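Residue numbers (my numbering), protein chains in the order written: chain A, 705 to 849; chain B, 705 to 849.
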DNA sequence: TATCAAACGATAACTTTTATCGTTTACAAT
DNA sequence: ATTGTAAACGATAAAAGTTATCGTTTGATA
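In structure tokens:
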């Protein structure tokens with residue numbers, strides 16, 4: 705047994721991922737980045753250490769990390785913009801199993817927020833809530849197994 | 705004074721938008737669409753009524769409608785995927801002007817939700833909240849104009 | 001060390017969105 | 001109603017973001 709802290713090697717072992725130089729640097733760079741970097745931003749930083757790295761490698765490994773839970777995807781990516789006419793304030797229930805999206809009214813959600821401004825002087829226009837969970841039909845399916 | 709219900713003409717007048725045939729059909733078609741259509745899906749439907757309409761017109765008017773508040777954008781569009789390493793539970797403040805994303809803790813958000821299940825038997829795992837608004841720096845910028 | 005699947009780099013292709021530009025149309029002011 | 005003008009339209013090129021392809025290189029296991 706080596707050091708007590710979890711190394712990148714350990715992390716990869718946990719998730720059954722091969723340890724490559726590119727992945728290691730990618731991981732270290734991302735850990736050192738504040739905020740919510742885009743793949744291009746990550747790419748620019750990693751190139752400082754591995755000038756020959758390909759953008760495709762950055763994309764492939766970001767996906768790999770997201771899928772294995774090493775890091776989290778911030779913006780839900782539907783591949784394109786989506787719009788809706790429904791002008792009654794409502795939010796969305798997203799099934800983590802089957803990815804179905806259903807609407808839910810603000811009142812039914814039982815959500816209370818009266819704030820107009822938030823820390824940092826952020827002026828609130830509206831809230832967009834995604835409730836992540838398991839829909840009724842996926843729950844039934846789980847019980848029959 | 706004509707009919708009591710609000711016509712598309714009235715809506716345009718309210719927002720200072722010119723009434724064109726394309727916009728009228730676009731609006732009617734979107735009102736008749738369930739769910740969260742993408743621009744391509746809207747385009748396909750509108751073409752049934754105006755085969756010569758351009759996809760660019762659909763995009764331009766969707767943006768116009770969103771900006772003027774006639775309809776709402778569902779998926780926040782940051783232009784690209786974003787990721788984060790932060791594994792502490794938190795939500796996001798997204799500036800509708802400059803698209804900047806800042807973290808906000810669950811406690812600071814002052815959000816109350818005790819529900820474990822929601823209508824339709826949806827089992828809640830977690831909430832993902834995007835607060836849409838104007839960040840402090842964009843507010844300052846707006847005041848200087 | 002040798003083997004082989006997996007990962008890499010380079011780049012083409014694809015998808016989504018925006019910009020450009022000549023033509024057409026809506027609006028208001030005659 | 002006619003006309004002038006700014007705005008909107010259609011066609012399409014270009015940009016931005018992402019994914020797929022494929023020959024070469026590398027990591028993991030034996």
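Even for Gly, the Cβ is constructed at its ideal location relative to N, Cα and C.
Nothing here was measured: the structure is a model prediction, and the numbers come from that model.
Residue i - partner residues in DSSP beta bridges
i                     : result
residue 827 (chain B) : A:838 and B:821
residue 799 (chain B) : B:837
residue 777 (chain B) : A:787
residue 740 (chain B) : Answer by DSSP bridge pairing: none, since residue 740 (chain B) is not bridged.
residue 832 (chain A) : B:834
residue 794 (chain B) : B:809
Whole-number beta carbon distance between residue j and residue i, since they are thought to touch under 8 Å
i                     : j                     : result
residue 795 (chain A) : residue 808 (chain A) : 6 Å
residue 770 (chain A) : residue 787 (chain B) : 7 Å
residue 734 (chain A) : residue 746 (chain A) : 6 Å
residue 810 (chain A) : residue 784 (chain B) : With 8 Å as the limit, residue 810 (chain A) and residue 784 (chain B) do not qualify as a contact, their Cβ atoms being about 30 Å apart.
Selection from the options that minimises the alpha carbon distance to residue i
i                     : options                       : result
residue 758 (chain B) : B:793, B:735 and B:730        : B:730
residue 813 (chain B) : B:840, B:839 and B:835        : B:835
residue 789 (chain A) : B:777, B:792 and B:797        : B:777
residue 799 (chain A) : A:764, A:755, A:837 and A:826 : A:837
residue 740 (chain A) : A:827, A:840 and A:766        : A:766
residue 728 (chain B) : B:744, B:754, B:844 and B:743 : B:754
residue 797 (chain B) : A:830, A:774 and A:716        : A:830
residue 732 (chain B) : B:721, B:711, B:839 and B:820 : B:711
residue 726 (chain B) : B:742, B:840, B:774 and B:762 : B:762
residue 792 (chain B) : B:820, B:832 and B:824        : B:832
residue 718 (chain A) : A:752, A:737 and A:772        : A:772
residue 822 (chain A) : B:823, B:821, B:825 and B:840 : B:840
residue 775 (chain A) : A:760, A:716 and A:824        : A:716
residue 826 (chain B) : A:768, A:849 and A:844        : A:844
residue 828 (chain B) : A:842, A:828 and A:720        : A:842
residue 721 (chain A) : A:820, A:824, A:846 and A:764 : A:764
residue 801 (chain B) : B:820, B:824, B:760 and B:846 : B:846
residue 803 (chain B) : A:760, A:752, A:742 and A:820 : A:742
N-terminal and C-terminal residue of the alpha helix (DSSP H) that residue i is part of
i                     : result
residue 748 (chain A) : 743-751
residue 734 (chain A) : 725-735
residue 754 (chain B) : No alpha helix (DSSP H) contains residue 754 (chain B), which DSSP labels as neither H nor E.
residue 766 (chain B) : 759-772
residue 722 (chain A) : Per DSSP, residue 722 (chain A) belongs to no alpha helix (DSSP H) and is neither H nor E.
First and last residue of the uninterrupted beta strand (DSSP E) at residue i
i                     : result
residue 806 (chain B) : 805-809
Heavy atom of the ligand FAD within 7 Å of residue i beta-carbon
i                     : result
residue 728 (chain A) : Absent from the structure shown: the ligand FAD. Ligands present: none.
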